[in-house]
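A.B. asks:
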């Protein structure tokens with residue numbers, strides 16, 4: 001029994017997810033929808049129908065070059081990111097990974113999960129022998145940019161027509177980080 005006025009300390013976790021169990025698919029879709037509505041979607045400008053979102057997440061786990069990482073707040077999936085490995089035919093780029101589809105639901109911010117998600121992807125990339133991590137991000141995603149830059153990512157370029165949001169062009173930024 002908790003005392004009146006006592007504060008609950010939430011539990012947090014970041015893990016690589018190899019299968020969807022229990023409420024994971026539902027939680028992942030809910031968190032993604034919240035992030036998209038907040039403007040932090042990974043390509044989506046508005047949440048797609050639930051069956052499309054569910055199919056997307058199930059499909060991620062089937063792609064050999066993708067690894068899914070999730071952040072949990074009190075056991076509930078609150079965000080995710082993916083490590084994209086180069087295809088087997090890309091020998092010249094075999095030393096580079098790409099951090100992609102990074103998001104955190106607005107209700108889970110402020111617990112250090114964003115930083116931990118990126119660090120988990122980086123740790124896995126190092127395990128796999130990658131030397132460089134690449135990523136790209138819309139300029140409107142200022143919190144994600146702040147996390148990346150705090151973790152040592154260097155902006156190497158920008159594209160003024162990276163995305164179209166609300167009929168207007170949005171610039172995208174490209175980053176890299178040396179993992180050695």
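In our numbering, the protein residues as written are 1 to 180.
Think of the CB as a built atom: it goes at the ideal place given N, C-alpha and C, for glycine as much as any other residue.
None of these values were measured; they are calculated from a predicted model.
1. Per DSSP, residue 69 is paired with what?
2. Distance check for residue 7 and residue 156, CA to CA, integer angstroms please.
3. With burial defined as no fewer than 16 other Cβ atoms inside 10 Å of the residue's Cβ, what is the status of residue 11: buried or exposed?
4. Assuming residue 34 and residue 105 make a contact with CB atoms under 8 Å, what is their CB distance in whole Å?
5. At what residues does the beta strand (DSSP E) containing residue 31 begin and finish?
6. Under 7 Å: does the beta carbon of residue 158 sit that close to some heavy atom of the ligand MG?
7. Pull up the CB-CB distance for residue 118 and residue 137, whole angstroms please, since I reckon it's below 8 Å.
8. Take the Cβ of residue 171 as the centre, count every other Cβ of all protein chains shown within 10 Å, and call the residue buried at 16 or more, exposed below.
9. May I ask you to report which of helix, strand or coil DSSP gives residue 175?
10. Do residue 67 and residue 126 have their C-beta atoms within less than 8 Å of each other?
11. Pick from 116, 167 and 140: whose alpha carbon is nearest that of residue 80?
12. Could you tell me the distance, in whole angstroms, from the CA atom of residue 179 to the CA atom of residue 96?
13. Can you tell me which of 28, 47 and 46 puts its alpha carbon nearest to the alpha carbon of residue 60?
14. Counting only the same chain and skipping the five closest in sequence on each side, list residues whose C-beta sits under 7 Å from that of residue 38.
C.D. replies: So, from the data block:
1. Note: residue 69 is bridge-paired with 16 and 81 in the DSSP secondary-structure output.
2. Going from the Cα of residue 156 to the Cα of residue 7 covers about 43 Å.
3. Exposed.
4. Contact flag correct, Cβ pair sits at about 4 Å.
5. Here residue 31 belongs to no beta strand (DSSP E); instead the alpha helix (DSSP H) covers 24-37.
6. No copy of the ligand MG occurs in the structure displayed, which carries no ligand at all.
7. Not confirmed; about 12 Å, so no contact.
8. Exposed, by the Cβ-count rule.
9. Secondary structure at residue 175: strand, using DSSP grouped into helix, strand and coil.
10. No.
11. 116 is the residue among 116, 167 and 140 whose C-alpha sits nearest the C-alpha of residue 80.
12. Note on geometry: alpha-carbon atoms of residue 179 and residue 96 lie some 9 Å from one another.
13. Cα-wise, what sits closest to residue 60 is 28.
14. Taken in chain order, the residues that qualify are 106.
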